[in-house]
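**Q**
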Amino acid sequence: MTGWNRTDPLQHAPAWPPHAGGRFYGNACELANTTLAVGANIMYAIPIFVPTTTTYTAISVEVTTLKAGASIQLGIYRDLNGAPDALVLDAGNVSAAATGLKTIVISQALTPGWYWLIGLASDTPAVRATTAAGGFRMLGGTSGTDVTTHVGWSVAQAYGALPNPFTGGGALLVGNAPRIMLSY
1 MTGWNRTDPL
11 QHAPAWPPHA
21 GGRFYGNACE
31 LANTTLAVGA
41 NIMYAIPIFV
51 PTTTTYTAIS
61 VEVTTLKAGA
71 SIQLGIYRDL
81 NGAPDALVLD
91 AGNVSAAATG
101 LKTIVISQAL
111 TPGWYWLIGL
121 ASDTPAVRAT
131 TAAGGFRMLG
141 GTSGTDVTTH
151 VGWSVAQAYG
161 ALPNPFTGGG
171 ALLVGNAPRI
181 MLSY
């Protein structure tokens, strides 16, 4: 995997603690939570760092305001130089017609490195979201004078099966991003 493979200065172990069973992990930029009315046919890509080889058993998103008949497609992409690239897993979809944590059972082994968690909604439900307020600038800026904290990518994409590779174009996501999580 290319991109952000970071280890400590002594090269003994990953610089991030390993993920523990029974916990939920998501956006590496996350500092605070809010809600977000996601756009229909907008694919959101959120960075996550996997510090050790782990087989994840669930991918989740929390719906905070339902939208009758709406669904959210969830998945995982590999990183290539700080952007989503090849599809790792199209996990399927969850209903956004009721509120609460929506989980898809998976069995996906990921090796150490950066990945992108994906959410693609058929309509405009609101979901638990992370906000970049005071967040990390790990995705960089669009210029030397850009002081915006970017929390992921967004790109127009027709709702349905996730494309492979990631849809071209799009933009760095500013502000809030869906809080998509992995657990095992």
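Using our numbering, the first residue of the sequence shown is number 1, and each one after it goes up by one.
We put the beta carbon where it would ideally sit given N, CA and C, even for glycine.
#1: Should V147 go down as buried or exposed, given a rule of 16 or more other Cβ atoms within 10 Å for buried?
#2: Can you tell me the Cα-Cα spacing of I106 and E62, whole angstroms?
#3: Run through the DSSP bridge pairs and tell me what H19 is partnered with.
#4: Can you look up D187 in the DSSP assignment and give me helix, strand or coil?
#5: Count the other CB atoms, across all protein chains shown, that sit within 10 Å of the CB of R23; report buried if there are 16 or more and exposed otherwise.
#6: I'd like the span of the beta strand (DSSP E) that includes T55, first residue to last.
#7: Hey, S122 and A45: beta-carbon distance below 9 Å or not?
#8: Please report the Cβ distance between V94 and I72, rounded to the nearest whole angstrom; I am assuming they are in contact, meaning their Cβ atoms lie under 8 Å.
#9: Which same chain residues, not among the five before or five after G141, have their C-beta less than 8 Å away from its C-beta?
#10: When the Cα atoms are used, what is the spatial distance from G186 to P18?
#11: Should T130 go down as buried or exposed, given a rule of 16 or more other Cβ atoms within 10 Å for buried?
#12: Can you find the residues in the same chain that come closer than 6 Å, C-beta to C-beta, to R179, ignoring five residues on each side of it along the sequence?
#13: Return the CA-CA distance between A171 and G82, expressed in angstroms with no decimal places.
#14: Which residues mark the beginning and the end of the beta strand (DSSP E) in which V147 is found?
#15: Consult DSSP for L139 and reduce its assignment to one of helix, strand or coil.
#16: Note down, in chain order, each residue of its chain lying with its Cβ closer than 6 Å to the Cβ of A86, except the 5 sequence neighbours on either side.
#17: Report the three-state DSSP secondary structure of R179 (helix, strand or coil).
#18: Is A40 helix, strand or coil by DSSP?
**A** Put simply:
#1: Here residue 147 corresponds to residue number 147 of the sequence shown, with the count starting at 1. Classification of V147: exposed, given that the 10 Å Cβ count is below 16.
#2: Along the sequence shown, read from residue 1 onward, the residue named residue 106 stands at position 106. Along the sequence shown, read from residue 1 onward, the residue named residue 62 stands at position 62. Cα to Cα, the separation comes out at about 17 Å.
#3: Your numbering for residue 19 matches position 19 in the sequence shown. In the DSSP output, where bridge partners are listed per residue, H19 has none listed.
#4: One cannot answer for residue 187 here, as it falls past the ends of the chain, which runs 1 to 184.
#5: Sequence index remark: in the sequence shown, residue 23 carries index 23 (1-based). Classification for R23: exposed.
#6: One-based indexing of the sequence shown puts residue 55 at position 55. Here the beta strand (DSSP E) through T55 covers 54-65.
#7: Position 122 of the sequence shown, counted from the first residue, corresponds to residue 122. Position 45 of the sequence shown, counted from the first residue, corresponds to residue 45. Going by C-beta atoms, S122 is not nearer than 9 Å to A45.
#8: Numbered from its first residue, the sequence shown carries residue 94 at position 94. Numbered from its first residue, the sequence shown carries residue 72 at position 72. About 5 Å; that satisfies the 8 Å criterion.
#9: If you number the sequence shown from 1, residue 141 lands on position 141. V147, T148, H150, listed in sequence order.
#10: Outside the displayed span of the chain (1 to 184) sits residue 186, for which this structure offers no information.
#11: Residue 130 sits at position 130 when you count from the first residue of the sequence shown. T130 comes out buried.
#12: Mapped onto the sequence shown, residue 179 falls at position 179. Close CB contacts of R179 within its chain, under the 6 Å cut and outside five residues either way in sequence, are with G26, R128, A129, T130 (chain order).
#13: Within the sequence shown, residue 171 is the residue found at index 171, counting from 1. Within the sequence shown, residue 82 is the residue found at index 82, counting from 1. Cα-Cα distance, rounded: 12 Å.
#14: As a position in the sequence shown, residue 147 is number 147, starting the count at 1. Run containing V147: none; DSSP gives neither H nor E here.
#15: Mapped onto the sequence shown, residue 139 falls at position 139. Three-state DSSP puts L139 in coil, outside helix and strand.
#16: The sequence position of residue 86 within the sequence shown is 86, counting from 1. Hits under 6 Å: R78, P165.
#17: Here residue 179 is taken as the residue at index 179 of the sequence shown, counted from 1. In the structure shown, R179 sits in coil (DSSP, three-state: anything other than H, G, I, E or B).
#18: Reading the sequence shown from its first residue, position 40 is the one you call residue 40. DSSP places A40 in strand when its eight states are reduced to three.
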